[in-house]
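Colleague:
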Amino acid sequence: MTLLASEWIWVAALFAALFNLSSKIPSILLSFAIPALAGYVLSKLLHISTISSVGQKVILAVWVILALGLWTWLFALGSVQELTISWPLSGKLTLQNTDALQTLLMQMIILLLIVRRSLTLPASLVTSWQAVRSSQIGLAAFLVFGLTTTWENFFSNLWPFALYLFLILIALTTARLAELTLNYSGRSPAFSSSWLISIALLALTFVIIACFSGWLVGVAMVETASTILNFLYLALLAVILILLSPILLLLVAAIPVLDGLVQEMLSKNFGQQQAEFILSVLQPQPGQAENFL
Numbered sequence: 038m039t040l041l042a043s044e045w046i047w048v049a050a051l052f053a054a055l056f057n058l059s060s061k062i063p064s065i066l067l068s069f070a071i072p073a074l075a076g077y078v079l080s081k082l083l084h085i086s087t088i089s090s091v092g093q094k095v096i097l098a099v100w101v102i103l104a105l106g107l108w109t110w111l112f113a114l115g116s117v118q119e120l121t122i123s124w125p126l127s128g129k130l131t132l133q134n135t136d137a138l139q140t141l142l143m144q145m146i147i148l149l150l151i152v153r154r155s156l157t158l159p160a161s162l163v164t165s166w167q168a169v170r171s172s173q174i175g176l177a178a179f180l181v182f183g184l185t186t187t188w189e190n191f192f193s194n195l196w197p198f199a200l201y202l203f204l205i206l207i208a209l210t211t212a213r214l215a216e217l218t219l220n221y222s223g224r225s226p227a228f229s230s231s232w233l234i235s236i237a238l239l240a241l242t243f244v245i246i247a248c249f250s251g252w253l254v255g256v257a258m259v260e261t262a263s264t265i266l267n268f269l270y271l272a273l274l275a276v277i278l279i280l281l282s283p284i285l286l287l288l289v290a291a292i293p294v295l296d297g298l299v300q301e302m303l304s305k306n307f308g309q310q311q312a313e314f315i316l317s318v319l320q321p322q323p324g325q326a327e328n329f330l
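Going by the numbering used here, the sequence shown opens with residue 38, and the numbers climb by one from there.
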């Protein structure tokens with residue numbers, strides 16, 4: 038569940054980055070999380086029920102259609118008489134607006150992917166490798182979000198990433214513990230309530246430290262952080278030059294040799310010699326023709 042919730046967050050952040058709606062992340066996240074959460078609960082109930090697989094597929098297909106319809110009615114479509122799109126993120130938009138239709142189409146595609154993920158994830162065990170891949174995609178999505186946002190409101194842009202880190206750390210830890218304790222019978226003590234609370238507290242501590250460090254570097258100690266980063270940058274350049282110095286010395290020693298070879302090739306003028314040879318072959322030679330006859 039924590040892995041799925043973390044994916045909702047980075048999907049909302051990526052959508053906000055694509056359509057320049059960084060200030061509307063709460064409403065975007067809510068519009069995607071409600072149908073996905075309902076689908077997750079439905080899939081869980083069907084997984085523990087005695088309904089046949091065909092019946093479960095029919096129920097899930099009906100739910101996907103209903104979810105699209107309800108989501109479109111609640112979040113995307115407004116008054117039918119006005120033939121407009123009433124979307125809380127961007128207000129009233131006419132149906133002839135191409136950008137509005139493209140945005141709506143992108144929203145429905147993302148919603149379908151989220152609903153499909155919420156329906157398939159409960160029926161399978163989440164491995165640590167799946168959690169790692171999800172975290173990689175999520176970090177890339179937040180990288181895009183960070184590069185596209187203006188960061189005018191520090192807290193509103195920071196809390197989605199902090200919440201994502203909190204959830205993905207819990208998902209990574211629990212997935213790894215599940216793999217380590219898979220061969221043991223019975224309930225593992227690693228999944229007791231106290232252990233889960235300790236994991237959540239550790240993740241929360243990590244997020245707080247990371248956010249506080251970011252605040253110090255980006256707000257409170259900008260000049261000091263800039264000086265330290267410049268020093269580290271120069272130190273890194275010095276280390277690279279020291280490591281590459283043998284190669285640079287070889288290149289410096291090879292430059293005179295290469296220059297001599299180039300000068301020798303230019304002095305011989307291979308192109309002119311080849312042209313003269315071709316002209317000599319193509320020129321008629323009457324004496325040789327008479328000897329041949």
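Glycine included, every Cβ here is placed at the ideal spot set by N, Cα and C.
The structure presented is a predicted model; accordingly, all values stated were derived computationally and were not measured.
At which residues does the alpha helix (DSSP H) containing L74 begin and terminate?
Modeller: Residue 74 sits at position 37 when you count from the first residue of the sequence shown. Residues I62 to I85.
Colleague: Might you give, ordered along the chain, the residues of its own chain that have their beta carbon closer than 6 Å to the beta carbon of L202, omitting 5 neighbours on each side?
Modeller: Here residue 202 corresponds to residue number 165 of the sequence shown, with the count starting at 1. Cβ within range, chain order: V244.
Colleague: Is there at least one Cβ from chain C nearer than 7 Å to L51's Cβ?
Modeller: Of the chains in the structure shown, none is chain C; there is only one protein chain.
Colleague: Following the continuous alpha helix (DSSP H) through S43, name the residue where it begins and the one where it ends.
Modeller: Locating residue 43 in the sequence shown gives position 6, where the first residue counts as 1. Counting along the chain, the alpha helix (DSSP H) containing S43 begins and ends at T39 to L55.
Colleague: Smallest Cα separation from T39: which of A177, L266, Q167 and Y270?
Modeller: The sequence position of residue 39 within the sequence shown is 2, counting from 1. That would be Q167, whose Cα lies nearest to the Cα of T39.
Colleague: Tell me which same chain residues have a C-beta within less than 8 Å of the C-beta of I246, skipping the five on either side of it?
Modeller: In the sequence shown, the residue the question calls residue 246 occupies position 209. Closer than 8 Å at Cβ, skipping near neighbours: no residue.
Colleague: Would you kindly check if the distance between the Cβ of I236 and the Cβ of I207 is under 7 Å?
Modeller: As a position in the sequence shown, residue 207 is number 170, starting the count at 1. As a position in the sequence shown, residue 236 is number 199, starting the count at 1. Yes, the pair counts as a contact, with Cβ atoms nearer than the cut-off.
Colleague: If you reduce the DSSP assignment to three classes, tell me which class S89 lands in.
Modeller: Taking the sequence shown and counting its residues from 1, the one referred to as residue 89 is at position 52. Here S89 sits in coil by DSSP.
Colleague: When the Cα atoms are used, what is the spatial distance from A42 to L67?
Modeller: For the purposes of this step, residue 42 is taken as residue 5 along the sequence shown, with counting starting at 1. For the purposes of this step, residue 67 is taken as residue 30 along the sequence shown, with counting starting at 1. Approximately 11 Å between the Cα atoms of the pair.
Colleague: How many whole angstroms separate the CB atoms of I96 and L83, which I take to be in contact at a CB cut-off of 8 Å?
Modeller: In the sequence shown, counting from the first residue as 1, residue 96 sits at position 59. In the sequence shown, counting from the first residue as 1, residue 83 sits at position 46. Their Cβ separation, rounded to whole angstroms, is 6 Å, which keeps I96 and L83 in contact under 8 Å.
Colleague: Please work out which residues of its chain come closer than 8 Å, Cβ to Cβ, to G175, disregarding the five sequence neighbours upstream and downstream, and give them in chain order.
Modeller: On the sequence shown, residue 175 is found 138 positions in, with the first residue counted as 1. Contacts found: S43, E44, I46, W47, Y201 and I205.
Colleague: Whose CA, out of T211, S171 and F249, lies closest to the CA of W196?
Modeller: Counted from its first residue, the sequence shown places residue 196 at position 159. Nearest option by C-alpha distance: F249.
Colleague: Any idea if L209 is buried or exposed, counting beta-carbon neighbours within 10 angstroms, 16 or more meaning buried?
Modeller: Sequence index remark: in the sequence shown, residue 209 carries index 172 (1-based). Buried, since its Cβ has 16 or more Cβ neighbours within 10 Å.
Colleague: Please report how far the alpha carbon of A70 lies from the alpha carbon of G76, in whole angstroms.
Modeller: Here residue 70 refers to the residue found at position 33 of the sequence shown. Here residue 76 refers to the residue found at position 39 of the sequence shown. Each residue's alpha carbon lies about 10 Å from the other.
Colleague: Return yes when the Cβ of A104 is within less than 7 Å of the Cβ of P63, no when it is not.
Modeller: Here residue 63 corresponds to residue number 26 of the sequence shown, with the count starting at 1. Here residue 104 corresponds to residue number 67 of the sequence shown, with the count starting at 1. Result no, Cβ atoms of P63 and A104 do not sit closer than 7 Å.
Colleague: So, is S90 buried or exposed, given that buried needs 16 or more other C-beta atoms within 10 angstroms?
Modeller: Residue mapping note: residue 90 aligns to position 53 of the sequence shown, counting from 1. Classification of S90: exposed, given that the 10 Å Cβ count is below 16.
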